[in-house]
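Read through the structure below, which is laid out as structure tokens, and then see the notes.
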Amino acid sequence: MQEKHKYRLIPSSRTSEKRIRLDRRAKNSLEAKKCNDYRIPSKSQNDREPQKTKHMTMKKAAVIEAIKAVAVAEIACAEAEKAAMLADEIEAEAEASVSLHKKLMKELENKTFRINLL
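Numbering follows UniProt numbering, in which position 108 of the sequence shown is assigned residue number 108; successive positions increment by one, without gaps.
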């Protein structure tokens with residue numbers, strides 16, 4: 001299977017400004033820097049990426065993309081688990097508030113009040 005077209009997206013000015021700032025700080029850094037939860041690779045990594053994929057078979061490229069997708073899915077699952085735990089805690093607090101409200105309403109109904117009129 002052959003690829004007919006290869007596309008390269010032009011980075012937005014905001015992203016390229018971040019990349020320039022990151023490249024100035026560490027030009028030869030091998031790891032991608034994080035900026036606002038998005039991984040922005042260094043210039044040297046961007047230059048190496050086409051060379052890596054040029055000699056890669058379609059099957060190997062698909063395997064790599066699948067591995068990346070699994071990693072993203074695992075992160076999403078971990079975040080979903082955290083959100084579910086938070087929701088459970090909030091639900092428990094709400095149930096405690098409802099039971100306290102019911103208890104206070106019963107006490108209020110059982111008490112008799114004296115009203116002093118002038």
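Every residue gets a Cβ at the ideal spot worked out from N, C-alpha and C, and that includes glycine.
Span separating the alpha-carbon of residue i from that of residue j
{"i": "residue 71", "j": "residue 106", "result": "53 Å"}
{"i": "residue 67", "j": "residue 95", "result": "42 Å"}
{"i": "residue 101", "j": "residue 108", "result": "10 Å"}
{"i": "residue 79", "j": "residue 90", "result": "17 Å"}
{"i": "residue 88", "j": "residue 69", "result": "28 Å"}
{"i": "residue 176", "j": "residue 59", "result": "A question about residue 176 goes unanswered here, because the residues of the chain that appear run from 1 up to 118."}
{"i": "residue 65", "j": "residue 93", "result": "42 Å"}
{"i": "residue 98", "j": "residue 104", "result": "10 Å"}
{"i": "residue 74", "j": "residue 61", "result": "20 Å"}
{"i": "residue 82", "j": "residue 63", "result": "29 Å"}
{"i": "residue 86", "j": "residue 57", "result": "44 Å"}
As assigned by DSSP and simplified to three states, the class of residue i
{"i": "residue 30", "result": "Residue confidence for residue 30 is low, a pLDDT of 45 falling below 50, so the modelled location carries little weight; the figure read from the coordinates is stated next. Correct three-state label for residue 30: coil."}
{"i": "residue 97", "result": "helix"}
{"i": "residue 111", "result": "coil"}
{"i": "residue 36", "result": "Confidence at residue 36 is low in this model, with a pLDDT of 47, below 50, so the placement of that residue should be treated as unreliable; the coordinate-derived value is given next. Correct three-state label for residue 36: coil."}
{"i": "residue 56", "result": "coil"}
Buried or exposed by the 16-neighbour rule on C-beta atoms within 10 Å, applied to residue i
{"i": "residue 42", "result": "buried"}
{"i": "residue 111", "result": "exposed"}
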